Amino acid sequence: MDWLSVLEDVALEAELEDMALEAGTQAHEEAFYTPAKLKDPQLLRDDTLQHIHDIQNGVNSRQKRSQIGASQCRKRETTGGNVFYLVKLEPPFSTPEELAVAANLGPNNTPSVEKATGDEGTARFCRLSPHSKDVLVDWLNLKHPSYRPTFIRIGKASKELSSTSTYPSLGVDTTLPQHRPNAWDASRPYPLQDEYPVWYFFYGTLADQDLLANLFGWSDVAHKLPILYRASLKGGILKTWGGRYRAMIDSPGNLVEGFAYQVQSRDEEDALLVYETEKYEVVRCNIVLEVIASVGLKQLVKGCTFRYAGSEEDLA
């Protein structure tokens, strides 16, 4: 998946922005980039950009790119494997090889280059893990203390579906005996981790055809819109976080109404995961589709949805 095709100009680093403000460093206006190497760059709507930006930073703020001197980059981030950084290639590391040395990636771990076009022309980025980003910051502290690196923070929702049990499932404790697989049940849990197409249940901003078309890069395709079906599921309850975003948590037996879409590929799914950010996780669920609402024709399908992965204390 080419992450820049979804979010390279949107997912920003709140940590650096906060430190820049504390140090009295003024954050610059965001220089938006779109992927140059794609035939059809995916341009997201303004409200889509704002939504992703707010989630990535955990606050409601303007879209900014924070740049800060390496000598001020002291804070370490504790995060899971669903967060990474894009760093702009420019002196003192203008090539992936030079970046690999500075970030101590090793001779066989040279990062690939992602190209993007923006207000200032074409730029090149490389992907780094949070740990490698910290190593790079330490190197800059020693070698180029006045240099201000450009980092873009990107988080994505986790998807780790078990191949031997129904874990994780919405509203179901799969550790309980009645939910565990037994020796007489040879069926595999569905959907599988890498199974496509796969049904997804949406209950918030994703239940919008135009937004989905933008995420999937269909904006330039005339009259092409994702097909959404009215749907419902049991096992969750909707809350709000950040004062504006819907979040679903477990609530066994509770009914939630929304829409369903059949994701066709890993690329479409990756776009959804990046949009939802690491604040959410993918879980299995049973979805009731309203196939023909006028006559009450419904269909039960196994699919996935996004469950809130943060602290429930942050929800209202």
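Going by full-length UniProt numbering, the sequence shown opens with residue 1, and the numbers climb by one from there. For every residue, glycine included, the Cβ atom is placed at its ideal position computed from N, Cα and C. Since this is a predicted model, take the numbers as computed values, not measurements.
| Rounded C-alpha distance that separates residue 58 from residue 92 | Residue placement at residue 58 cannot be trusted, given a pLDDT of 45 that sits under 50; the coordinates are not used to answer.
| Same chain, Cβ closer than 8 Å to residue 310, neighbours up to 5 away in sequence not counted | 241, 247 and 279
| Status (buried if at least 16 other CB within 10 Å, exposed otherwise) for residue 276 | buried
| field | Span of the beta strand (DSSP E), counted from its first residue to its last, around residue 252 | value | Residue 252 -> beta strand (DSSP E) spans 245 to 263.
| message | Could you give the first and the last residue of the continuous beta strand (DSSP E) run that contains residue 241? | response | Segment 229 to 241, the beta strand (DSSP E) holding residue 241.
| task | May I ask you to report which of helix, strand or coil DSSP gives residue 103? | result | In the structure shown, residue 103 sits in coil (DSSP, three-state: anything other than H, G, I, E or B).
| task | Under the assumption that residue 85 contacts residue 159 (Cβ atoms under 8 Å), give the Cβ distance between them as a whole number of angstroms. | result | No, residue 85 and residue 159 are not in contact; Cβ-Cβ is about 20 Å, not under 8 Å.
| task | Could you spell out the range, first to last residue, of the beta strand (DSSP E) harbouring residue 200? | result | Where residue 200 is concerned, the enclosing beta strand (DSSP E) starts and stops at 198 to 202.
| Helix, strand or coil for residue 143 per DSSP? | helix
| Integer Cβ distance of residue 170 from residue 250, believed to fall under 8 Å | 6 Å
| said: I'd like to know if the stretch 206 to 221 and the stretch 285 to 300 are in contact, where contact means that at least 3 CB-CB pairs between them fall below 8 Å. | reply: no
| If you count every other CB in all the chains shown that lies within 10 Å of the CB of residue 231, and 16 or more means buried, which is it? | buried
| task | State yes or no: is the C-beta of residue 165 within less than 9 Å of the C-beta of residue 193? | result | no
| said: Strictly by DSSP, which residues pair up with residue 301? | reply: 287
| query | Roughly how many angstroms lie between the CA atoms of residue 262 and residue 154, to the nearest whole one? | reply | 25 Å
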